[in-house]
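Report on the structure given below.
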Amino acid sequence: MRKQERLTEYLDWPLFGALIVMLVMGLGTVYSVAFNEDAPSLFNFSEKYGRQLFWIIFSLFLGLLVFLIDSDIYRKFAIPIYLSTLVLLVIVLFMPPVHGARAWIGVGSFGVQPAEFAKISTSLLLAKYISGLTVKQQNTATVLTASSILLIPMVLILLQPDAGTFVVFTSFLFVMYREGLTFDPIILKFINSIPGVRYKETWVGSHFIPILFALVFLSVVTLLLDSVSFTISFFGMDFELSGSYGVIFGLLLLYFISWLLLQRFSTRRERSRMMVVLTLGLLISSAISFGVDTGFDKLRTHQKDRIELFLGLREDPNGDDYNRNRAMAAVGSGGFLGKGYREASVSSVRSNHVPESETDFIFCPFAEEWGFVGVVVLFILYFFILFRIIIIAERQRASFNRIYAYCVAMILFYHFAINIGMNIGFAPVIGIPLPFFSYGGSSMMSFSVMMFILLKLDAQRKEVLR
Amino acid sequence: MNLDARRNVIISFFILVIGIYLFKLFYMQVVDDTWTLRAQEIAEKRKEIFPPRGVIFDRNGKKIVTNQTYYNLMMVEDSIVDLDTAAFAILIGWTPLEVRNRFKEIVEGEGTYFNKITGKRTPNYQKIRAYPFLKELTLEEMSKIAPHLANFKGFYEEATSARNYPYKSAANILGYLSEVYREEIDVDRFYKPGNNIGRAGIERFYEKELRGIKGIKYIVTSALNNAIESYADGKYDTTARQAAPLKMGMDVELQTYGEELMNKKKGCIVAIEPSTGEIISMISAPSYDPNLLVGKRNISANYPKLARDPNLPLFPRPLQAEYPPGSIFKLVQSLIAMQEGVITANTGFPCDKSLVGCHNHPSARNIAEAIQYSCNPYYYMAVRRVIQQGVKKNNFADAEYGLSKWYKHIRSFGLGETFDTDVSGQRPGLIPNPAFYDKWYGHHAWAFSTIRSISIGQGEVKLTPLQMANIVAIIANKGWYYTPHFVRSIGSKGSLPQFKKKRWTMIDQRYFDPVIEGMRMVVNQDGGTGKQARMEDIIVCGKTGTVQNPHGEDHSVFFAFAPMDKPKIAIAVFVENAGWGGSWAAPIAQLMIEKYIKRKISDKDKEKRMKEAQIAYQNVY
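Those protein sequences? They're chains E and V, same order as listed. Everything in the first sequence is counted per our numbering, starting at 1 for the first residue and increasing by one. Everything in the second sequence is counted per our numbering, starting at 1 for the first residue and increasing by one.
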């Protein structure tokens, strides 16, 4: 009885509430997109919405189970959990392929994707490993060990192949960055091998991961926008510019906004230093964007083709770029207020213009039905969840809990950014679901378990001694 | 190192990405409508259903314009799979090059759409839409192609309707349809490229009344271009409705008969029902079968032939040929002279050939005889009294005063301007007024002697056959007329309001009786010039005319109405280069009157002679 009281007492209600809202919105969208007139009941389990409802209930039940288990076992059993996941990841490679990938274990519709659960087990092991380190122990060996915890499942996942989950695993690098586990020791080793140079740390080395990601993000966006052109009216004259100039224009805009924010929120001393960083950042990123653009133009045709193929960039809207084009048409046609619930004409499952519109492209029907307003609401909700997880992370006494919370936040953010990026032409089309939204049992279960482990860890945070 | 600050890096990263995404989404969803258009192109089909055009009936309820089913070979580029151009070309009997050119023609014919917000120019042509590749194929043509269409994905047949003219006559009245021009589409969004629009005649004037109401069906389509459901449960759908039929005042049998009589002759016949102003028939000879101009292929094959024909079949003679009216003008002059009080019904003038040439006849003792003899000196003197009334001292000023009065009278007959009617392509003719002569000779530099030739309908005066037929109708009505028009009723709504207004001339009714008596004598009295138009049991009132033609043989002209006491038909017949009025025009007029009133012809020999005669007509091979 006392135990029961404590369960609800220490549950983080804002996060849990936001989660439920998200699940309801997701279910509503699946219901709309996969609606079948012959079986309009939400509880019809032969339809996708019925099954999705089942998965939600089942996942919440799993969550309850997780909540009942003492959170201590995750730290204790992190290594066995991780290893068993690896075994599953190996076994899955011998399974018959579904849609060209050996990603499923199980029979028929009751299959699971080990890759989904690999995210949890990797998070747990990474949290366990990093939390056991002290600041002084951050050397080449520890960096490499932490990296291999990520790399082993990543390689196995790439063999399936599952590019989406592979990319999601790089989110753990941000967790390492947050914990100070950067690639600086390796870089220092190289730099200090030059005679006469003795650095204790480098700025680039410490911030290697965000810089790297900013570069990748910038390059991908530049390439994706390269084929698009837009027109700017300037004193009555129209300039038609290629999309890569749009990136530079966007960077300038960001610079300006940051400058305004700095004027408002920073002290004078900080300001001058930040301005230098900002200005340098602007110049370097513009140079990189420009460089990627011109460099790409200079590539040979077949190299270009390969990159374009990976990014899903093709001119022919019915050819290789089919999915992206259809998805963007669906999203773009939503307008400001949307077409209305169950009025998605492009992205409904029946019309089948947007493939996978109930799973990977679920953002399409949502954006088409609810328009920009709905999108803003969804984004606010996602940001709230992410922000809440960061708050939870930062209030943990145990670094294991904090690191795990960051893992969850980063994985969710990656899914959010890549999934929606696919729908608006900012990310290559790699199939990863929108957490708590997309139809699908595996992702629903794994995200729920992941989230409830976090909630449980948070609920028990006060029991942990520092 | 303080690692806690790094959470701000991560949060900034979240905000940055969300911000960029929202920015992009705002642009995509709210600002730029490219994607909206693309979505419509992908998923929505706005299917327009064009109803068959309204049919047209004649005055006796005979269907003169109907619709016939034709087939369009439709093309959806998006659905075309590995088109074997060569095989396809053979199937439709073209060369591969022609097939490719047709593709290009379809794409380019659609033009482009300019988006003002994004500054992008996008082609109107959409691969997912259906366009007619071949238009208006007959059932036989389509039945040869249709069985093989299964091999050519992306092509299918679609039934459409085109005009059909069972009587093969009245081409000059009915007009024809042809494809809309891009400019017409821009003005009136009713039309889509490839649609037909009335290009001439009734089809053009009553375009809006005939085209009906277009039905629109919104369909949501799947990726395979199959219709899934009607959009929003058909809330926005409308059904196509065929226009109500037009009822014309024309007698199609008489029209056809008239075209037969005018076979291998040039000229025209205009017949008006005096009591209503409805045009019973309007023959422009030579005529052609209106079915020759049905559909794009027929037009491109036949139109140039008709345009090149030296007999000018496309020239609408009743409306555009402006002749000096000749003797029929004497009827009007008689009326004006009496109305002005310068002569009475019993005024006589000697036939003084020193004034103006005339043929040999006794001097006219009254108006009726003047008309019967068509005496030129009589009208010289009568009209001089109208023009030179002696009101002003100055002879020139007097002529100006007189001509002004004359002008007002003559304008009240609806002359010198086009009728406000459903007959398109009229010419106004010419009625000179003082300003006209001032421009010609100078102010106060002309008098009756200068302009005397108008007294016998020669010189500057020019009228169209339609106007002349209307003069006959006015005389039959004794002083009033309804605007001559074709369409008696649009559905059940009746005719246009301007056709219901009775228009009075400035001539008193009583002055018409001597004129009509004169016309009766022209036909029915021995020695009358129009005895060829005489009938046993119907009193025909007529007037012959001979229109001087400086380019060759005179034109034979005859005007008549019948029966005398209750006129049912007023008719004007022109036969070009056929000599004097009594020779050809009068018998043709008589046959027309007999056909119209009695529906059968007593004198078959006369009919045969008229039908077979070839006058000034160049054979075209």
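Note that beta-carbon positions come from the ideal geometry of N, C-alpha and C, so glycine has one too.
Chain V residues whose Cβ lies nearer than 7 angstroms to that of residue i
i: L386/E; result: F14
i: V420/E; result: Looking at the sequence shown, residue 420/E is not Val but Ile. By Cβ distance, chain V contributes Y21.
i: F372/E; result: L25, F26, Q29 and V30
i: R326/E; result: I42
i: A329/E; result: W35, R38, A39 and I42
i: E394/E; result: R7
i: S333/E; result: W35, T36 and A39
i: F174/E; result: I10
Under 8 angstroms from the C-beta of residue i: neighbouring residues of chain V
i: E179/E; result: L3
i: F183/E; result: Near F183/E there are no residues of chain V at all, since even the closest Cβ is about 15 angstroms away, more than 8 angstroms.
i: F383/E; result: F14, I15 and I18
Chain E contact for residue i (CB, 8 angstroms cutoff)
i: Q126/V; result: no
i: R6/V; result: yes
i: V632/V; result: Because chain V is modelled from 1 through 621, residue 632/V falls outside the range shown and cannot be assessed.
i: R411/V; result: no
i: K116/V; result: With a pLDDT of 47 at K116/V, under the threshold of 50, the predicted position of this residue should be treated as unreliable, and no value is reported.
C-beta neighbour in chain V for residue i, strict 8 angstroms
i: E369/E; result: no
i: G250/E; result: yes
i: F208/E; result: no
i: I453/E; result: no
i: S448/E; result: no
i: I467/E; result: Chain E is shown only over 1 to 466; residue 467/E falls outside these bounds and no answer can be derived.
i: V155/E; result: no
i: F336/E; result: yes
i: I424/E; result: yes
Close-in-space but distant-in-sequence residues of the same chain around residue i (CB under 8 angstroms, 5 per side omitted)
i: P316/V; result: N172, S284 and G425
i: L278/E; result: Y255, S258, W259 and L262
i: V204/E; result: I187 and I211
Same chain only: Cβ atoms within 7 angstroms of residue i, ignoring 5 sequence neighbours per side
i: T202/E; result: D184, I187, L188 and I191
i: F35/E; result: R342
i: N470/V; result: I272, G414, Y481 and P484
Chain-order list of residues whose beta-carbon lies under 6 angstroms from that of residue i (same chain, five-residue window excluded)
i: F133/V; result: L73 and M75
i: S363/V; result: P350 and C351
i: F329/V; result: G457
i: I157/E; result: A115, T165 and F166
i: K116/V; result: With a pLDDT of only 47 at K116/V, under 50, the local geometry of the prediction cannot be trusted, and the value read off the model is given with reservation. Result list for K116/V: empty, nothing under 6 angstroms.
i: G552/V; result: N577
Residue i versus the options, residue with shortest Cα-Cα distance
i: M381/V; options: K392/V, S354/V, E203/V and A589/V; result: S354/V
i: A476/V; options: W446/V, S143/V, G542/V and L463/V; result: G542/V
i: Q52/E; options: F67/E, L62/E, V30/E and S41/E; result: V30/E
i: A18/E; options: F387/E, N401/E and D458/E; result: F387/E
i: S206/E; options: V9/V, S602/V and W480/V; result: V9/V
i: G113/E; options: Q160/E, T267/E, E356/E and K128/E; result: Just to set this straight, residue 113/E is Gln in the shown sequence, not Gly. Here the closest residue by C-alpha is Q160/E.
i: S556/V; options: G326/V, N67/V, G61/V and D188/V; result: G326/V
i: S169/V; options: L254/V, E105/V and L319/V; result: L254/V
i: I20/E; options: N401/E, F437/E and S121/E; result: F437/E
i: F512/V; options: K600/V, F486/V, D526/V and D565/V; result: D565/V
i: A130/V; options: E141/V, A150/V and G194/V; result: G194/V
i: F296/E; options: I392/E, S286/E, N423/E and S219/E; result: S219/E
9 angstroms Cβ cut-off: residues of chain V touching residue i
i: A405/E; result: Ordered by position in chain V, no residue passes the 9 angstroms Cβ test against A405/E, which lies about 11 angstroms from the chain.
i: F413/E; result: I10, F13, F14 and V17
7 angstroms Cβ cut-off: residues of chain E touching residue i
i: V17/V; result: A417
Listed by chain order, chain E residues near residue i by CB distance under 9 angstroms
i: R59/V; result: Near R59/V there are no residues of chain E at all, since even the closest Cβ is about 52 angstroms away, more than 9 angstroms.
- Task: Count the CB pairs spanning the stretch 399-419 of chain V and the stretch 576-583 of chain V that are closer than 8 angstroms, and state whether there are at least three.
- Result: Contact fails between the stretch 399-419 of chain V and the stretch 576-583 of chain V, because fewer than three Cβ pairs, one in each stretch, are under 8 angstroms apart.
- Three or more beta-carbon pairs under 8 angstroms between the stretch 384-392 of chain V and the stretch 330-340 of chain V, yes or no? Two segments are said to touch when three or more pairs of C-beta atoms, one from each, lie closer than 8 angstroms; by this definition the stretch 384-392 of chain V touches the stretch 330-340 of chain V.
- Message: If contact is defined by three or more beta carbon pairs under 8 angstroms, each pair taking one atom from either stretch, is the stretch 195-214 of chain V in contact with the stretch 16-33 of chain V?
- Response: By the Cβ rule, the stretch 16-33 of chain V does not count as touching the stretch 195-214 of chain V, because fewer than three pairs are nearer than 8 angstroms.
- Query: Are three or more beta carbon pairs between the stretch 135-150 of chain E and the stretch 417-437 of chain E nearer than 8 angstroms?
  - Reply: Cβ pair count under 8 angstroms is below three, so no.
- Message: Is it the case that the stretch 374-387 of chain E contacts the stretch 246-262 of chain V, given that we only count it when at least three CB pairs across the two stretches are under 8 angstroms?
- Response: As far as the Cβ criterion goes, the stretch 246-262 of chain V does not touch the stretch 374-387 of chain E, which means the pair count is below three.
- Query: Below 8 angstroms, can you find three or more Cβ-Cβ pairs linking the stretch 519-538 of chain V to the stretch 583-590 of chain V?
  - Reply: Yes: the two stretches touch, three or more of their Cβ pairs being nearer than 8 angstroms.
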